[in-house]
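Novice:
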Amino acid sequence: MNKINVQLITGLFVMLGIAAFTYQAVTIGGASIREVPGYTLTARFDSISGLRKGGIIEAAGVRVGTISSIKFDPDNYKAIVNLRINDGVPVQQDAIASVRTQGIIGEKYIKLSAGGFPDLLTEGMEIHETESAVSLEELVSKYIFDGGTKK
Amino acid sequence: MSSLAKNIENLGAFCLNALEQTGRTFNMLLQVIWELLHPPYRFYPIVRQMYFIGARSLTLIIVSGITIGMVLGLQFYNILQRFGSVELLGAGVALGVIRELGPVMTALMVVGRAGSSITAELGIMRITEQVDALECMAISPDKFLIAPKVIAGLLSVPLLTMVFDFVALFGGYFVGVKMFGVAEGSYWNGMIDAVEWQDVRLGLEKSIVFGVLVTLICCSRGFYMHLTKAGSQGAEGVSSATTDAVVLSSIAVLFSDFLIGALA
Amino acid sequence: MSGNTTTDKAITIRNLVVDYGPRRILNGINLEIPNGQIMVIMGQSGAGKSTLLRCILGLKKPTSGSIHMLGTDIATASRTDIYKARKQIGVAFQGGALFSSMTVAENIQLALHEHTNLDEKTIQIMTRIKLDMVNMLEAENLMPSELSGGMAKRAALARAIIMDPKLLFFDEPSSGLDPSTAAELDQLILTLKKGMGMTIVVVTHELDSIFKIADHIAVMKDGNLIETGTPQQIIASTNPEIQGMLNRKPRETIVDTDAHLRRLTGGF
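Residue numbers (my numbering), protein chains in the order written: chain L, 274 to 424; chain C, 0 to 263; chain U, 52 to 319.
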């Protein structure tokens with residue numbers, strides 16, 4: 274009798290723990306059980322300082338994908354970013370990808386702006402129009418020294 | 000001069016003792032792994048230990064989780080209000096709890112509630128010759144006494160941590176949203192945006208390490224009580240071993256928390 | 052009783068030495084324990100008899116020497132071999148050493164659960180038989196904390212004989228017991244020898260029970276074995292140490308008061 278009681282309570286404890294874990298992992302942590310179907314595009318940036326793997330891609334303020342990898346291109350001295358875009362989100366050939374910051378000192382993310390071309394990019398293609406990260410320090414020093422650090 | 004020599008001697012003895020204990024604890028881990036690789040397995044002892052380490056700690060964990068969540072909500076609100084960004088409250092509470100406070104506080108609670116009694120239990124079994132009796136019955140104490148406790152710790156501490164995290168988020172919600180009137184949506188959505196799977200995973204990894212560390216240190220301190228200098232046979236030995244185990248495992252939790260945080 | 056030949060020894064100990072740091076606890080012990088008889092190891096506290104017992108049981112590794120028990124050299128055997136040998140022995144510890152988280156019955160069944168594949172019903176019956184042998188049937192479902200000293204010792208005895216061992220060790224069976232309970236335990240030990248043909252090793256300093264149960268006696272003092280023999284031989288011994296023990300004289304009589312005073316005050 275005692276034994277069954279112990280097993281029952283322990284079982285309930287385990288279930289409670291697993292439920293709490295699932296809630297955190299799925300709802301808050303955003304780990305989806307199966308991956309959202311999507312396609313991968315690449316983009317080259319002069320500078321992406323602050324952008325991280327797993328970062329968010331937004332279009333019109335809505336989350337439409339994640340940054341799947343970041344590489345360095347030694348030939349052109351640029352950053353190559355692989356963007357995982359959710360299916361059903363069209364990206365035109367002249368769409369613009371820009372590195373932005375949430376708030377002044379918030380996290381970096383990539384903002385997609387729609388283009389005017391009717392042709393859409395598909396798996397493995399490149400977004401040619403890009404805008405690099407705006408460095409707060411550069412902006413400040415530009416302002417103070419009146420164009421002293423023109424690039 | 001001789002007092003200096005005496006001090007150096009004491010320092011040396013202290014270091015040797017610490018090294019010896021670390022070695023014994025590590026050896027115990029190897030024994031547990033060895034036992035895990037050799038059937039037969041018995042599950043009921045593990046369930047029993049999980050009941051003791053995990054289920055019986057639930058009330059404490061829930062109460063302290065809510066309290067910590069409320070304290071965090073209060074403090075973060077006061078700070079964030081000065082910068083006019085109370086919408087970050089959810090993110091602050093969630094990251095603080097899931098990455099750091101949840102695993103650490105849970106581990107410390109388990110040390111105080113279950114760890115101390117594990118040491119006392121094993122210490123008493125040692126001085127009343129129960130461990131010897133087990134040996135003489137050809138039953139391995141590592142399998143019979145230690146392994147179930149360590150495995151139960153490995154499983155229970157992460158589960159408790161998850162419960163702690165969960166209720167702490169609601170503690171923060173209660174203070175932030177219900178008391179100070181932060182928008183409900185910004186609390187939860189800020190949390191969902193800020194917390195990544197990596198954060199949850201880091202908390203989980205920490206709590207697994209803490210679970211093993213705490214039970215292992217407490218077991219080794221009680222089980223090898225007779226081998227330590229201070230562990231004079233008797234009630235005094237048990238009480239000093241228990242104190243040692245609590246201090247050592249708390250330090251181990253805090254230090255390894257830093258290590259994991261630095262490495263991750 | 053003296054018809055035993057040298058071939059059937061349950062335990063043979065040769066040149067057993069145990070050091071603890073700089074202190075020598077056992078100083079070259081040679082002892083043979085014959086099959087099917089009761090050997091009592093006696094001596095005052097601190098004589099090294101507990102250490103000797105712990106060495107035989109494999110709980111303490113000796114510094115040198117050999118201990119052959121049931122065909123295994125306990126001093127050098129691997130852990131696995133020691134465990135194999137231990138399945139054929141039973142040990143009743145001084146304070147009982149019952150597992151405090153289990154009932155008396157669970158304590159007694161433990162070895163059966165761990166080492167055999169018997170079904171629950173058989174285990175129950177075997178437990179009750181052993182409990183009946185030590186006259187403890189009514190205590191089956193009590194916790195060890197609810198037992199008196201004598202009951203705990205009897206329960207420990209029941210636990211020690213549950214696997215019907217060839218060899219039974221009993222540490223201080225009558226210490227801390229009132230005379231009638233002690234006598235009851237002595238009777239039980241004799242019954243076990245006769246009824247089950249066990250070899251029994253008893254470690255004690257209680258003279259009353261020694262001469263009631265012993266076939267052989269080994270006397271220890273300061274880490275040495277100073278005399279072995281039958282009870283008659285021990286009584287007849289001319290060794291003054293043994294006579295001192297048997298007549299329960301105080302260990303040392305102070306003759307030279309001045310010298311003793313000097314020793315106490317450190318020569319001032």
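Glycine included, every Cβ here is placed at the ideal spot set by N, Cα and C. In this text, all values refer to a predicted model and were calculated from it rather than measured experimentally.
(1) Are the CB atoms of alanine 126 (chain U) and asparagine 158 (chain U) nearer to each other than 8 Å?
(2) Is there a Cβ of chain U sitting closer than 8 Å to that of cysteine 135 (chain C), yes or no?
(3) Since I believe arginine 317 (chain L) is in contact with aspartate 348 (chain L) (beta carbons under 8 Å), could you give me their beta-carbon distance rounded to a whole number of angstroms?
(4) Taking a contact to mean a Cβ-Cβ separation below 8 Å, would you say valine 254 (chain U) touches glutamate 223 (chain U) in this structure?
(5) Can you tell me whether DSSP reads glycine 302 (chain L) as helix, strand or coil?
(6) Is the separation between the beta-carbon of leucine 412 (chain L) and that of leucine 314 (chain L) shorter than 8 Å?
(7) Put glycine 64 (chain C) into one of helix, strand or coil per three-state DSSP.
(8) Taking Cβ positions, are phenylalanine 163 (chain C) and threonine 214 (chain C) nearer each other than 8 Å?
(9) Please classify alanine 287 (chain U): is it buried, with 16 or more other beta-carbons within 10 angstroms of its beta-carbon, or exposed?
(10) Assuming glycine 122 (chain U) contacts valine 68 (chain U) under a Cβ cut-off of 8 Å, what Cβ separation, rounded to an integer in Å, is found between them?
(11) Between the alpha carbons of lysine 138 (chain U) and aspartate 229 (chain U), how many angstroms are there, rounded?
(12) From which residue to which residue does the beta strand (DSSP E) around glycine 97 (chain U) run?
(13) Identify each residue in the region 111 to 141 of chain C for which the Cβ-Cβ distance to at least one residue of chain U is less than 9 Å, and report them in chain order.
(14) Is it true that the CB of alanine 265 (chain U) sits closer than 8 Å to the CB of valine 91 (chain U)?
(15) Between the region 398 to 414 of chain L and chain C, which residues of the former have CB atoms less than 7 Å from a CB of the latter, in chain order?
(16) Since threonine 63 (chain U) sits in a beta bridge, which residues does DSSP pair it with?
(17) Please confirm whether tyrosine 296 (chain L) has its beta-carbon closer than 8 Å to some beta-carbon of chain C.
(18) Kindly say whether glycine 290 (chain L), judged by its beta-carbon, lies nearer than 8 Å to any beta-carbon of chain C.
(19) Per the contact definition of three or more C-beta pairs closer than 8 Å, is the region 189 to 196 of chain C in contact with the region 122 to 135 of chain C?
(20) Using alpha carbons as the reference points, say which of C:Ser185, C:Val246, C:Val199, C:Tyr43 lies closest to alanine 263 (chain C).
(21) Write down every uninterrupted run of the alpha helix (DSSP H) in the region 115 to 198 of chain U whose length is 4 residues or greater and which is fully enclosed by it, in chain order.
(22) First and last residue of the alpha helix (DSSP H) that includes histidine 311 (chain U)?
(23) Using the three-state DSSP reduction, which class does threonine 227 (chain C) fall into: helix, strand or coil?
(24) Let me see if you follow: with CB-CB separation under 8 Å, is lysine 138 (chain U) close to chain C or not?
(25) So, using beta-carbon positions, are glycine 268 (chain C) and glycine 68 (chain C) closer together than 8 Å?
(26) Excluding the five sequence neighbours on either side, which residues of its own chain have a C-beta within less than 6 Å of the C-beta of leucine 243 (chain U), listed in chain order?
(27) By the 8 Å beta-carbon criterion, what residues does the region 42 to 74 of chain C contribute toward chain L?
(28) Does the region 277 to 290 of chain L come within contact of the region 32 to 50 of chain C, defined as at least 3 CB pairs closer than 8 Å?
(29) So what does DSSP say about serine 139 (chain C), is it helix, strand or coil?
(30) Relative to the C-alpha of aspartate 360 (chain L), which residue among L:Val354, L:Pro310, L:Val299 is closest?
(31) Taking only beta-carbon positions, decide if isoleucine 191 (chain C) is within less than 8 Å of chain L.
(32) Is aspartate 243 (chain C) close to chain L? Criterion is C-beta to C-beta, closer than 8 Å.
(33) Could you pull the start and end residues of the alpha helix (DSSP H) that glycine 221 (chain C) belongs to?
(34) Less than 8 Å between CB atoms is the rule here; does alanine 293 (chain L) satisfy it with respect to chain C?
(35) When burial is assigned at 16 or more other CB atoms within 10 Å of the CB, is glutamate 410 (chain L) buried or exposed?
(36) Under three-state DSSP, which class holds glycine 53 (chain C)?
Specialist: Let me lay it out:
(1) no
(2) yes
(3) So it is not a contact: roughly 11 Å between Cβ atoms.
(4) yes
(5) coil
(6) no
(7) helix
(8) no
(9) exposed
(10) Their Cβ separation, rounded to whole angstroms, is 22 Å, which puts glycine 122 (chain U) and valine 68 (chain U) out of contact at 8 Å.
(11) 32 Å
(12) Unbroken run through glycine 97 (chain U): none, as it is neither H nor E.
(13) Glu120, Ile123, Met124, Thr127, Glu128, Gln129, Val130, Asp131, Ala132, Leu133, Glu134, Cys135, Met136, Ala137, Ile138, Ser139
(14) yes
(15) none
(16) U:Glu83, U:His119
(17) yes
(18) yes
(19) no
(20) C:Val199
(21) 130 to 137, 155 to 166, 171 to 184
(22) 308 to 316
(23) coil
(24) yes
(25) In this structure chain C extends from 0 to 263, so residue 268 (chain C) is not present and cannot be described.
(26) Met249
(27) Tyr43, Val46, Arg47, Met49, Tyr50, Gly53, Ala54, Leu57
(28) yes
(29) coil
(30) L:Pro310
(31) yes
(32) no
(33) 196 to 222
(34) yes
(35) exposed
(36) coil
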